[in-house]
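Asks: Per the numbering used here, the very first residue in the sequence shown carries number 1442; after that it's consecutive. Where is the CB? At the ideal position from N, CA and C, for every residue including glycine. Mind having a look at this structure? Questions to follow.
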Amino acid sequence: MINTVGIIGYGHFGKFLHELGSQLFPNVDFRIYSRRIEADGELFFDLKTAAQSDVVILCGGISEYETQLMSVLEHALPETVLVDVATVKKLTTELLRKHANGRRFISTHPMFGPDSYKKYKGNVSGFRIVVTDYVLKNNDYQQLKNAFAMLGFSIIEMTAEEHDQRLAETLFLTHYVGQSIIKAGFSRSAIDTLSFQFLMDAVESVKDDKKLFHDVYTFNPYCKAVAERLHKAQESVYGEIQ
């Protein structure tokens, strides 16, 4: 039975997971560790206390992932389950396999965030969670899958490599186009077509995630080829209209 959940890192996504978790699991005590917020013993705790929860969710940036993982492992209990929610999966899975030393973990990527949660007014039905690896008893894993399915989530299993490749051609591509549109200075107007409104919805959903954009490009080995492919296509299209 899960009584305590530690959230390590309280940025944009960490805050969202705390909000979501509190609504879905009202009987669970959440222990949050943030370097920016002083421990109060009620919601915010020191790293040791948060890391000694039944479940610990690693919510730091991708570039800080290994450092955060090593810090948590110094304090985590043998029975603690580590949950990886990073946007890249090959890197984090390899780090968990390298450092966790047989401890229980599950490597996931929730394919939603605070914007989609608000858009669907808190209805998580159909929200997808990708699972790429785990070290759990099969019984425990199946129970966990069933519990989240009962809440309405859709669990998708694939390898870390497949996840990163698909992500480069979807989420990263959205970020890449979005950042390009922002840099070019395009914005909404009074005569927007519906298609342009959809485009700007996508742009606005990623505009504040510059660090994530750069981290995904740096640590997902498939992103460079996607960026080059799009750049080449843009040059080709531009050439065709000259």
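#1: Can you give me the Cβ contacts of Ala-1643 inside the same chain, cut-off strictly under 7 Å, excluding the 5 residues immediately before and after it?
#2: Please state whether the Cβ-Cβ distance between Asn-1661 and Phe-1613 is less than 8 Å.
#3: Residues in the same chain with beta-carbon distance under 6 Å from Tyr-1451, minus the five sequence neighbours each way, listed in chain order, please.
#4: Roughly how many angstroms separate the alpha carbons of Glu-1598 and Ile-1632, rounded to a whole number?
#5: Rank Thr-1549, Arg-1670, Tyr-1575 and Gly-1501 by C-alpha distance to the C-alpha of Ala-1609 and give the top, closest one.
#6: On the CB-based measure, 16 or more other CB atoms within 10 Å of its CB, does Leu-1686 come out buried or exposed?
#7: Taking the Cβ atom as the reference point for each residue, do His-1550 and Val-1522 lie within a distance shorter than 8 Å?
#8: Nearest-angstrom Cα distance between Thr-1611 and Leu-1577?
#9: Pick from Val-1565, Phe-1589 and His-1604: whose alpha carbon is nearest that of Cys-1664?
Replies: On the basis of the coordinates in this document:
#1: For the purposes of this step, residue 1643 is taken as the residue at position 202 of the sequence shown. Once the five neighbours on either side are set aside, the close Cβ partners of Ala-1643 are Thr-1615 and Gly-1619.
#2: Walking along the sequence shown from the start, residue 1661 turns up at place 220. Walking along the sequence shown from the start, residue 1613 turns up at place 172. Cβ atoms of Asn-1661 and Phe-1613: closer than 8 Å.
#3: On the sequence shown, position 10 is the one that residue 1451 refers to. Counting only Cβ-Cβ distances below 6 Å, and skipping sequence neighbours, we find Ile-1473 and Ser-1475.
#4: One-based indexing of the sequence shown puts residue 1598 at position 157. One-based indexing of the sequence shown puts residue 1632 at position 191. Rounded to the nearest angstrom, the two C-alpha atoms are 43 Å apart.
#5: For the purposes of this step, residue 1609 is identified with residue 168 of the sequence shown, where counting begins at 1. It is Arg-1670.
#6: Not covered by the structure: residue 1686. The range shown for the chain is 1442 to 1683.
#7: On the sequence shown, residue 1550 is found 109 positions in, with the first residue counted as 1. On the sequence shown, residue 1522 is found 81 positions in, with the first residue counted as 1. No, the pair does not count as a contact, with Cβ atoms beyond the cut-off.
#8: Your numbering for residue 1611 matches position 170 in the sequence shown. Your numbering for residue 1577 matches position 136 in the sequence shown. Their Cα atoms are separated by approximately 30 Å.
#9: Here residue 1664 refers to the residue found at position 223 when the sequence shown is read from its first residue. The candidate whose alpha carbon is nearest that of Cys-1664 is His-1604.
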